[in-house]
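Residue numbers (my numbering): 956 to 1375. Even for Gly, the Cβ is constructed at its ideal location relative to N, Cα and C. Have a look at the structure below, then the notes.
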Amino acid sequence: MITLDTEWLGEPAGSGEMEKALEEAALAAGILESGEGPGGEFTGWVDLPERISGTCLGEMESLAAEIRSGADALVVTGIGGSYLGTRAVLEALGSDFPVYFAGRDLSPESLGELLDTLRDKRFYVNYISKSGGTLEPALAFRFLKKLLQEQVGDNWRSRVVATTDKSRGKLRNMAQREGLRSFPVPESVGGRYSVITAVGLFPLAVAGVDIRALVEGARAMRKICRQPDSPALRYGALRTLLKDRGRTIEVLAVYDPSLEALTGWWKQLFGESEGKDRQGLFPASVTFTTDLHSLGQWIQEGPEVLLETVLEIGSADRDLSVPAEENDDDGLGFLEGKSLDWINRMACRGTLDAHRDGGTPGIKLSIARKDAFSLGGLLYFFMYACGVSGYMQGVNPFDQPGVEAYKKNVFSLLREDGGK
Ligand code: PA5
């Protein structure tokens, strides 16, 4: 379901060193599974794929069917873990229903543009906030609710679905008071680990994604992750080992622009989970071959601080073969009839070789297909590996204390400054 290739590591880890790292990864996985490590109260996602019931999925599917048949669009309103997983899967798989995103920034231009687009549309809002009090989605919701009221008056309530904590928080209070339809976010699952809950599954069902296959994929990957020496443990072990050797930046490289949003989800997952107590690899991303013409130089010959992790998909959904060209002006006649997917793969191989030779170690992760099952597995794989890596580095992978500092400043400025 997922393979991890170490051919491009360059200077290999001494076998003793790798064995030790793997032992530590297995210990970390044990702590993750037991729920007794730091932040253990937020490890409810670990066995969730096995626990999600068909009834629960059915409820999401039936409300999704109502929206798909009766509306023109869904607006997912949330930030961070409340939308990144949905966007990652949607961009990778495509959607047969229009889904917009709001509440992920404070730009009046982007929100204004969205409101203009929605003005003559019949839309639903899925307001997603576990805490229920996050500034960006709360402000966006004010505007969306106002537009709904202008369109349908008091019926705005039937157009809003709240996804939030089961019993607490401002959004739960509003949902109860207004009688909104809602889905709970399990208390034991934090935002960036919540894609396989209603946070991701409900909007994905609206978009037409097979959410049962996604959960099945996560379930299958969970079995794999629990095996000794699993790819998740090896990935966690390798990246931690390399970090200890000074590789403090991990670049996730994809060769398909539809996976760019997945790299955004991955950056949040690892960044917020590991970057504390002066630990963590800084998560960056590149889309190749595009970025070979911008950041490739740095990766090849910049400071030796990078680890390059490539995510490869077994075969492209669509392929093209290079057409014949009478005059061969570009000198590429030798590629006539060749598959563009194969050329992309050769670019990947050649680039990994070059980067390794230039001193940047590479890890290649491959999944067979870009479908709901494989993506469910991949998301679970990264979450598990992240929990393992976090515990290996001695941090709590499930809190984000540093995010509070900026919020405090922003709120005090908003209250004290008076504004325009
Ligand atoms: O991973 C996290 O916990 C965060 O990124 C949250 O998802 C993000 O801050 C949004 O929080 P909330 O869902 O409470 O609005």
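Rounded separation between residue i and residue j - CA only
i        : j        : result
Gly-1134 : Gly-1087 : 16 angstroms
Gly-1067 : Gly-1058 : 12 angstroms
Asn-1128 : Met-1176 : 36 angstroms
Gly-1313 : Glu-1256 : 6 angstroms
Lys-975  : Gly-1235 : 19 angstroms
Leu-1090 : Ser-1050 : 28 angstroms
Thr-1152 : Gly-1146 : 10 angstroms
Ala-1279 : Phe-1289 : 10 angstroms
Ala-981  : Gln-1223 : 24 angstroms
Leu-1045 : Ile-1007 : 21 angstroms
Ser-1213 : Asn-1282 : 34 angstroms
Glu-966  : Gly-1317 : 11 angstroms
Gly-1201 : Arg-1167 : 41 angstroms
Gly-1226 : Val-1241 : 16 angstroms
Ser-1276 : Glu-1291 : 7 angstroms
Gly-1332 : Gly-992  : 24 angstroms
Ser-903  : Arg-1097 : No information on residue 903 is available, as it lies outside the stretch 956 to 1375 that the chain covers here.
Met-956  : Ile-1322 : 6 angstroms
Ser-1185 : Thr-961  : 14 angstroms
Thr-1203 : Pro-1238 : 9 angstroms
Leu-1369 : Arg-1189 : 46 angstroms
Asp-1120 : Ala-1130 : 11 angstroms
Ile-1298 : Gln-1252 : 21 angstroms
Asp-1246 : Leu-1287 : 22 angstroms
Thr-1010 : Thr-1218 : 31 angstroms
Presumed contact (8 angstroms Cβ cut-off) between residue i and residue j, rounded CB distance
i        : j        : result
Ala-1327 : Asp-1165 : 5 angstroms
Val-1116 : Arg-1136 : 5 angstroms
Pro-1356 : Lys-1231 : 7 angstroms
Ala-1047 : Lys-1325 : 6 angstroms
Gly-1191 : Ser-1344 : 4 angstroms
Met-1338 : Glu-979  : About 19 angstroms separates the two Cβ atoms, so there is no contact after all.
Glu-1021 : Ala-1160 : With 8 angstroms as the limit, Glu-1021 and Ala-1160 do not qualify as a contact, their Cβ atoms being about 11 angstroms apart.
Gly-994  : Pro-1352 : 6 angstroms
Leu-1126 : Ser-1084 : 5 angstroms
Trp-963  : Leu-1307 : 4 angstroms
Leu-1196 : Glu-972  : 7 angstroms
Phe-1056 : Tyr-1038 : 6 angstroms
7 angstroms Cβ cutoff met for residue i and residue j
i        : j        : result
Phe-1052 : Gly-1124 : no
Ser-1143 : Gly-999  : yes
Val-1150 : Leu-1334 : yes
Thr-1041 : Pro-1139 : no
Leu-1073 : Val-1054 : no
Cys-1180 : Ala-1173 : no
Leu-1070 : Leu-1320 : no
His-1310 : Ile-1254 : yes
Ala-1302 : Thr-1244 : yes
Thr-1032 : Val-1080 : yes
Val-1209 : Leu-1261 : no
Asp-1296 : Asp-1274 : yes
Ala-1043 : Trp-1220 : yes
Leu-1103 : Trp-1111 : yes
Leu-1061 : Gly-1342 : no
Arg-1004 : Val-1170 : Per the sequence shown, the amino acid found at residue 1004 is Pro instead of Arg. In this structure, Val-1170 lies closer than 7 angstroms to Pro-1004 by Cβ.
heavy atom of the ligand PA5 below 6 angstroms from residue i C-beta
i        : result
Ser-1185 : no
Ile-1151 : no
Arg-1147 : yes
Gly-1226 : no
Thr-1089 : yes
Lys-1085 : yes
Ser-1344 : no
Gly-1230 : no
Ser-1143 : no
Gly-1035 : yes
Residue i Cβ short of 6 angstroms to the ligand NAP heavy atom set
i        : result
Ile-1151 : The ligand content of the structure shown is limited to the ligand PA5, which means the ligand NAP is not among them.
Inset, instruction - Quick one: which unbroken beta strand (DSSP E) runs of 3-plus residues sit fully inside the segment 1014-1051? Chain order, please. - result: 1028-1032
Legend entry - alpha helix (DSSP H) segments (min. 4 residues) lying fully within the segment 1234-1262: 1251-1256
Legend entry - Within the segment 1067-1122, ranges of the beta strand (DSSP E) (whole runs, at least 3 residues): 1078-1083, 1115-1120
Legend entry - Residue ranges of each alpha helix (DSSP H) within the segment 1304-1364, 4 or longer: 1327-1347
Legend entry - Completely contained alpha helix (DSSP H) runs for the segment 1137-1177, where each covers 4 or more residues: 1153-1161
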